[in-house]
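Residue numbers (this note's numbering): -6 to 491.
Below you can see the structure in the form of structure tokens.
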């Protein structure tokens, strides 16, 4: 079996200086997924990534180069080992691992509490011999419960050697993770993790509060090169948390969804109403007091803006330029409010299930199960565009698994890269569990991934491989909610509470 070896630190890892530790490198293995389901039970030939330490006569650190060797040919050249290691990587869809090139990561081996263990003598390409040591590399991740498929975390572990210690813990709500980031005294706090889930709406306040740090060397990472421009704009922020082309990279997205409308079509049509296709259709008289809405004032005002021909991120200046007064916006908000019977992020779907309302507005993860469970419920992706949301990986400012127990783990780039592999998008195809970021087209572009050619019975929604996505023409007009300037925030508050 092929083995990946890496020249790293001398046996006494705790004696490393920060400069020495920064020279240590390790690699993670990448595999290629076989799309044929018949390969599910075939043997997996996987090279194991290991961090090794090298001692020389002067007892100095020599992190000179990555060396890939076959177990049975430990003295062969790096070139031969590299070519042999790429043969026979055949994985099932359930056992996808990360890609097919050997990525180098700066490794902070000084963070590991275990001493390095001597493994073998390794011959370098120049013919010299070095004694290799292996040592553990930790990675601690805190995710939002339900956002990480069990097979995905298993696949990542399989892509690494047994000497990569991955600890994954979960929290029930995004606010739980956010609140923990300020609790640095708690031993198992998310504040000490290498990567934590952060909703896009939470990113700006987290940056402002100093709870997260920019992702180290993000713009030179492989995953950054795969990220569409629309995502790059979302995660590149200045120190105030506002989007900025000159800012730093603060997050790496791993799934996204949208706001949808679900309604009982037959019930509405029988009572003289008309089918829903866009936000303005919620204003029809037959739906007065018959709509439930998730508890999101920002999205509620955004929907009112959509009925006026504006968009979710319209500012006070945008409205003034379009000739829309504060009175006009207040009237649109009031008209929409008359239609709503329930404002709740928990009871809105129950109200539709109980037939207390005929339409509900909510996030895709909550709304799609309704259509799957109730035959006459139809989903709608509003034709003029909708609000998008994203879950992203961020790095806590107190991350401490790196060199000399400072900064994030050296395995962080591998973790981020794993979630943006094109092969993962092959089955993260839709909104049921959150779609791959690679499946969201940039505005003015087209999807690089093949989805589906026909729309389903749900207006504005395309079904593909048992999952769903808003049609591309709608995604082009949809937006992530950006941080509001103070004058726009005050305007929104006035029309909501006036």
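Built from N, CA and C at the ideal position, the CB exists for glycine as well.
A residue is called buried when at least 16 other Cβ atoms come within 10 angstroms of its Cβ; residue 262 does not meet this threshold and is exposed. The shortest CA-to-CA distance from residue 387 to any of 247, 180, 176, 214 is the one to 247. In the DSSP secondary-structure assignment, residue 253 is bridged to 355.
The count of Cβ pairs closer than 8 angstroms, one atom from the stretch 241 to 255 and one from the stretch 413 to 433, reaches three, so the stretches are in contact. Just measuring C-alpha positions, the residue of 353, 422, 116 sitting nearest residue 276 is 353. Here residue 295 is buried, its C-beta having at least 16 other C-beta atoms within 10 Å.
In this structure, the straight-line span from the alpha carbon of residue 242 to that of residue 369 is close to 44 angstroms. Residue ranges of uninterrupted alpha helix (DSSP H) with 4 or more members, entirely inside the stretch 384 to 436 and ordered along the chain, are 405 to 412, 415 to 418.
Excluding residues up to 5 positions away in sequence, 378, 379, 381 lie with their Cβ nearer than 6 angstroms to the Cβ of residue 471 in the same chain. The residues 163, 165, in chain order, have a CB closer than 6 angstroms to that of residue 138 in the same chain once the five nearest residues on each side in sequence are set aside. In the DSSP assignment, residue 222 falls within the alpha helix (DSSP H) that extends over 222 to 228. By the criterion of a C-beta distance shorter than 8 angstroms, residue 160 is surrounded in its chain by 131, 132, 133, 134, once the five residues flanking it on both sides are discounted. Burial state of residue 332 is buried, judged by a 10 Å Cβ sphere holding 16 or more other Cβ atoms.
In this chain, residue 475 is not harboured by any alpha helix (DSSP H), its DSSP state being neither H nor E. For the pair residue 422 and residue 457, the CB atoms are nearer than the 8 angstroms cut-off.
Residues 184, 202, 204 of the same chain have their beta carbon placed closer than 8 angstroms to that of residue 175, with the five preceding and five following residues left out of the count. According to the DSSP assignment, residue 456 belongs to the beta strand (DSSP E) that extends over 454 to 457. Residues 173 of the same chain have their beta carbon placed closer than 8 angstroms to that of residue 179, with the five preceding and five following residues left out of the count. Pairwise C-beta distances place the stretch 297 to 307 in contact with the stretch 320 to 328, as three or more of them are shorter than 8 angstroms.
With respect to residue 334, residue 283 sits close: the two C-beta atoms are nearer than 8 angstroms. About 7 angstroms separates the Cβ atoms of residue 376 and residue 467, confirming a contact at the 8 angstroms cut-off. Following the DSSP letters along the chain, one finds residue 336 inside the beta strand (DSSP E) bounded by residues 333 to 336.
Around the beta carbon of residue 451, 16 or more other beta carbons sit within 10 angstroms, so the residue counts as buried.
In the DSSP assignment, residue 190 falls within the unbroken beta strand (DSSP E) covering 188 to 192. DSSP places residue 136 within a strand segment (E or B) once states are collapsed to three. Residue 260 sits close to residue 351, with the two beta carbons spaced by under 8 angstroms.
DSSP places residue 290 in the uninterrupted alpha helix (DSSP H) bounded by 290 to 300. Residue pairing by DSSP places residue 157 opposite 130 in a beta bridge. Taking the Cβ atoms as the reference, residue 157 lies roughly 6 angstroms from residue 404, within the contact range of under 8 angstroms. Taken through DSSP and simplified to helix, strand or coil, residue 278 comes out as helix.
Annotation: residue 463 to residue 257 spans about 19 angstroms, alpha carbon to alpha carbon. Residue 230 counts as buried, since no fewer than 16 other beta carbons sit within 10 angstroms of its beta carbon. Straight through space, the alpha carbons of residue 455 and residue 413 are spaced by roughly 22 angstroms. In this structure residue 432 does not touch residue 461 by the C-beta definition: roughly 12 angstroms separates them, more than the 8 angstroms allowed. Counting along the chain, the unbroken alpha helix (DSSP H) around residue 309 starts and ends at 309 to 314.
If you ignore the 5 residues before and after residue 239, its C-beta comes within less than 8 angstroms of the C-beta of 231, all in its own chain and listed in chain order.
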